[in-house]
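**Student:**
Chains as they are written, first to last, in the working numbering: chain A, 232 to 348; chain B, 6 to 349.
1) Which ranges would you report for the alpha helix (DSSP H) in the stretch 218-278 of chain B if only whole runs of at least 4 residues count?
2) Using a Cβ cut-off of 8 Å (strictly closer), state whether residue 124 of chain B contacts chain A.
3) Taking 6 Å as the limit between beta carbons, can you name the residues of its chain near residue 322 of chain A, skipping five residues before and five after?
4) Which residues in chain A sit within 7 Å of residue 192 of chain B, going by Cβ to Cβ distance?
5) What first and last residue would you give for the beta strand (DSSP E) that runs through residue 203 of chain B?
6) For the stretch 103-110 of chain B and the stretch 122-131 of chain B, state whether three or more C-beta atom pairs, one from each stretch, are separated by less than 8 Å.
7) Counting only Cβ pairs nearer than 8 Å, list the residues of chain E close to residue 348 of chain B.
8) Between the stretch 204-225 of chain B and chain A, which residues of the former have CB atoms less than 8 Å from a CB of the latter, in chain order?
9) Residue 237 of chain A CB to nearest chain B CB: under 8 Å?
10) Counting Cβ pairs closer than 8 Å, one from the stretch 322-335 of chain A and one from the stretch 202-211 of chain B, do we hit at least three?
11) In this structure, how does DSSP classify residue 106 of chain B when only helix, strand and coil are distinguished?
12) I'd like to know whether the C-beta of residue 310 of chain B is nearer than 8 Å to at least one C-beta of chain A.
13) Between the beta-carbon of residue 281 of chain B and the beta-carbon of residue 300 of chain B, is there less than 8 Å?
14) Which partner residues does residue 144 of chain B have in the DSSP bridge list?
15) Pair every Cβ in the stretch 273-280 of chain A with every Cβ in the stretch 152-165 of chain B, then say whether three or more of these pairs are closer than 8 Å.
16) Sort out for me which residues DSSP pairs residue 317 of chain A with in a bridge.
17) By DSSP, does residue 53 of chain B sit in helix, in strand, or in coil?
18) Can you give the Cα-Cα distance for residue 213 of chain B and residue 247 of chain B, rounded to whole angstroms?
19) What are the start and end residues of the alpha helix (DSSP H) that includes residue 176 of chain B?
20) Counting only beta-carbon separations shorter than 8 Å, does residue 290 of chain A have a partner in chain B?
21) Give the interface partners of residue 97 of chain B over in chain A, defined as CB-CB distance under 7 Å, in chain order.
22) So does the stretch 50-66 of chain B actually touch the stretch 290-297 of chain B, counting three or more Cβ pairs closer than 8 Å?
23) Skipping 5 residues on each side, what residues in its chain have a beta carbon closer than 7 Å to that of residue 333 of chain B?
24) Who are residue 21 of chain B's beta bridge partners in DSSP?
25) Can you name the residues that DSSP bridges to residue 157 of chain B?
26) What residue range is occupied by the uninterrupted alpha helix (DSSP H) comprising residue 347 of chain B?
27) Measure the alpha-carbon distance for residue 162 of chain B versus residue 317 of chain B and round it to whole angstroms.
28) What is the rounded straight-line gap between the Cα of residue 297 of chain A and the Cα of residue 313 of chain A?
Shown next, in the form of structure tokens:
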């Protein structure tokens, strides 16, 4: 895993939750967008440049502000950050994209008469 | 005397060689693909760039800042990281994967069908613990439907006996069963919250294996317009174990990556993963040049993202489970730089 996954991640990856790789991946997987289009779309929605999407420093702060979830380490305490499902709800709203697990949460809430915002 | 540089072979071993030998390997690699696939070899400037990457004495290399691409990771996790869901969480939080994939160790849709409720529970838990996309993946694995493992005739035994019609009939019967199983498992995991489904090593058992995959993708796309569907191939050329099968008028036997991409797009997938197998007796430079040459025709034709398979034994990578980072980073960068891939 060190040799394959970590090496690819460092050599050419967008670094997922550490930056904004998961958001670009969602536009590819769900909408079939190619990389340039997907990066441009996500960057516009976030108000940043396409290059910022792989910059972990730029994205870490922004993810915190927009409540999109982020990585944490020993030195950090993000106890007030959203749970993963709440974070995905914010991501879905920001990207205008249905996220399957969020849609199922909404249906569950609606079935018990609770609002879904 | 020309200075020595270090290079990897396709079996992962480290060898002393020279810059001119690496240059020759790159030229031979692209010519091997061009000849086998009736393709254009790489251009001189592309080979020169590859030479700079593969003749570098550095331990590690990477794409330019800003050129990063999405890594869609099949089979995420490893037993040292805890439970399967713990492993996915570690992949997200510690290893910075762009996507992760929940999988069963018996990586076959037919096998997974028997344990689907338990896989659904793991998917639900994964969705509650992770923010990055979580896919579910397995292999179409058509061979499992042939005797003695499955109910259909064994075409690998029938073909050498020259029972061609019986072998074809057995594969056609297996296709129907495989489509049902793949759709059942995919929809079950989608019901549990999966962000997408991965059909890994499509075509591994030949043209019937690919046909079953395409028909499953088509059925899923018709019923689930928002489902992420990734089709990763098994090899650079689809074997004609049946020989006559077509998808929407395209004969599947003999399809190379560009042709594979076309039928995968037609079926409704959102990501295509071409695979080019490694020759363990040749260098990583030779294998990477060959792989890039095979995949290059996809890039202009693609309407969906192309995530090239650059894992163990494919995409120029050594056929070795514990991959050396010098080889991985070189192949990773080379494929992204030359092909302008959408992901890996």
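For glycine and all other residues, C-beta sits at the position ideal for the given N, C-alpha and C.
**Tutor:** From the atom records:
1) 262-272
2) So, not an interface residue.
3) 299
4) Correct list: empty, because the minimum Cβ distance to chain A is about 12 Å.
5) 201-207
6) yes
7) Structure shown: chain E not included; protein chains present are A and B.
8) none
9) yes
10) no
11) strand
12) yes
13) Yes, the pair counts as a contact, with Cβ atoms nearer than the cut-off.
14) B/113
15) They do not touch, by the three-pair rule.
16) Note: residue 317 of chain A sits in no beta bridge, so no partner.
17) helix
18) 7 Å
19) 169-196
20) Residue 290 of chain A does not count as touching chain B.
21) Within chain A, the residues whose beta carbon sits less than 7 Å from that of residue 97 of chain B are 247, 248, listed in sequence order.
22) yes
23) 322
24) B/11
25) Beta-bridge annotation (DSSP): residue 157 of chain B is paired with B/151.
26) Residue 347 of chain B -> no alpha helix (DSSP H), and no H or E assigned at all.
27) About 29 Å.
28) 10 Å
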